[in-house]
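K.L.:
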Amino acid sequence: MGSSESIAIQMNFNRSSCFYFAGEQISGNISFQNDRDRLKLEEIFVERVGELAYRTQDTRSSTDSNGNLTTEYYTDYHHIPLLTIRVPLVRPSDGQDKLILSYGTYTCPFEFNLPVNFPPSSCPNSEAYPHIKYYTRLVLNRPWYKKNVAQTYLLTIFPHMNLFHMSHAQETFSFANQNRKQLHLQGYLLCGGILPG
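Residues 1365 to 1561 (this note's numbering) are what the sequence shown spells out, left to right.
#1: Looking only at its chain, what residues have a beta carbon closer than 6 angstroms to the beta carbon of Arg1455, apart from the 5 residues adjacent to it on each side?
#2: Quick one: grab the DSSP three-state call for Cys1472.
#3: Can you tell me whether DSSP reads Ser1395 as helix, strand or coil?
#4: For Tyr1493, which of helix, strand or coil comes out of DSSP?
#5: Rounded to the nearest angstrom, what separates Asp1399 and Leu1433 at their Cα positions?
#6: Just to confirm my understanding: we take Tyr1498, look at its own chain, exclude 5 residues before and 5 after, and list those with CB closer than 6 angstroms. What are they?
#7: Any idea which residues DSSP pairs Val1498 with across the strands?
#8: Can you give me the Cβ contacts of Glu1436 inside the same chain, cut-off strictly under 6 angstroms, excluding the 5 residues immediately before and after it?
#9: Just list the residues that DSSP pairs Lys1404 with in beta bridges.
#10: Can you name the start and end residues of the beta strand (DSSP E) that Asn1376 belongs to?
#11: Return the CA-CA distance between Phe1482 and Pro1452, expressed in angstroms with no decimal places.
#12: Answer with buried or exposed for Tyr1384, where buried requires no fewer than 16 other C-beta atoms within 10 angstroms of its C-beta.
#13: Among the residues of its own chain, which have a CB less than 7 angstroms from the CB of His1443, if the five just before and after it don't count?
#14: Looking only at its chain, what residues have a beta carbon closer than 7 angstroms to the beta carbon of Ala1372, apart from the 5 residues adjacent to it on each side?
#15: With DSSP collapsed to three states, give me the class of Phe1383.
#16: Would you mind sorting Leu1446 into buried or exposed? The rule is 16 or more other CB atoms within 10 Å of its CB.
#17: Quick one: what does DSSP say Phe1482 is sitting in, helix, strand or coil?
#18: To the nearest angstrom, report how far apart Arg1450 and Leu1549 are at their CA atoms.
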């Protein structure tokens, strides 16, 4: 973007933690502040992106004309998209090829469902390799000769688990304790009844 234009983008999710279970619905609002008199866009869309990343290491050896052996070490980083789903939010009206937005603040709701069979995110969502990472990207798609404006938000996805179908989660253990004032505490807890989130 040039120094004469500014577009501030904000995406607010229905949860502050951005932690979701596979199969859940993600919703919220986007808002952006346009500081230009006229902003031309082709569309506004949200992308759900899942990515598998890993690295490989390779060595390459070569011998120069004097017979000296040189070995070079290379690390290649691979990013394979598992999923890219584009959800259009705002498109031009019929018969128009561009959206033309004047100065001001714009808001738009969004919602989409996560697939039930998502593999979980690597925890934490770091740049360690290998990893699985999910994110939502909001894009203000501009004409081909201008750079798109985009904002990316990391999501943590965990598989949906039903504790009632896990036999080891239904086992209980008992405990009892007594303090100095002769207060007795007795209880039963499910062994595997704690889920992240």
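For each residue, glycine too, the CB sits at the ideal point set by N, CA and C.
P.N.:
This is what the structure holds:
#1: Looking up residue 1455 in the sequence shown gives position 91. The answer, listed in chain order, is Glu1407.
#2: In the sequence shown, counting from the first residue as 1, residue 1472 sits at position 108. In this structure, Cys1472 counts as strand in the three-state DSSP scheme.
#3: Here residue 1395 is taken as the residue at index 31 of the sequence shown, counted from 1. In the structure shown, Ser1395 sits in a strand (DSSP, three-state: E or B).
#4: Position 129 of the sequence shown, counted from the start, is the residue given in the question as residue 1493. In the structure shown, Tyr1493 sits in coil (DSSP, three-state: anything other than H, G, I, E or B).
#5: Locating residue 1399 in the sequence shown gives position 35, counting from the first residue. Locating residue 1433 in the sequence shown gives position 69, counting from the first residue. Going by the C-alpha atoms only, they are around 59 angstroms apart.
#6: For the purposes of this step, residue 1498 is identified with residue 134 of the sequence shown, where counting begins at 1. Within the same chain, Tyr1498 has close Cβ partners Gly1414, Ser1485, Leu1519 and Ile1521.
#7: Translated into positions along the sequence shown, residue 1498 becomes position 134. With the sequence shown as reference, residue 1498 is identified as Tyr, and Val is not the correct amino acid for it. Tyr1498 is bridged to Gly1414 and Leu1519.
#8: Counting from 1 along the sequence shown, the entry for residue 1436 is found at position 72. Within the same chain, Glu1436 has close Cβ partners Arg1424.
#9: Position 40 of the sequence shown, counting from 1, holds the residue named residue 1404. The partner list for Lys1404 (beta bridge, DSSP) reads Ile1464.
#10: Locating residue 1376 in the sequence shown gives position 12, where the first residue counts as 1. Ile1371 to Phe1377 is the span of the beta strand (DSSP E), which, as asked, contains Asn1376.
#11: The sequence position of residue 1482 within the sequence shown is 118, counting from 1. The sequence position of residue 1452 within the sequence shown is 88, counting from 1. Cα to Cα, the separation comes out at about 22 angstroms.
#12: Counted from its first residue, the sequence shown places residue 1384 at position 20. Tyr1384 is buried by the Cβ-count criterion.
#13: Within the sequence shown, the letter at position 79 stands for residue 1443. Same-chain partners within the cutoff: Glu1415 and Ala1417.
#14: The residue labelled residue 1372 in the question sits at position 8 within the sequence shown. Within the same chain, Ala1372 has close Cβ partners Phe1396 and Gln1397.
#15: Residue 1383 sits at position 19 when you count from the first residue of the sequence shown. Strand at Phe1383.
#16: Here the question's residue 1446 lines up with position 82 in the sequence shown. Classification of Leu1446: exposed, given that the 10 Å Cβ count is below 16.
#17: If you number the sequence shown from 1, residue 1482 lands on position 118. Reduced to three states, the DSSP call for Phe1482 is coil.
#18: For the purposes of this step, residue 1450 is taken as the residue at position 86 of the sequence shown. For the purposes of this step, residue 1549 is taken as the residue at position 185 of the sequence shown. One C-alpha to the other measures close to 54 angstroms.
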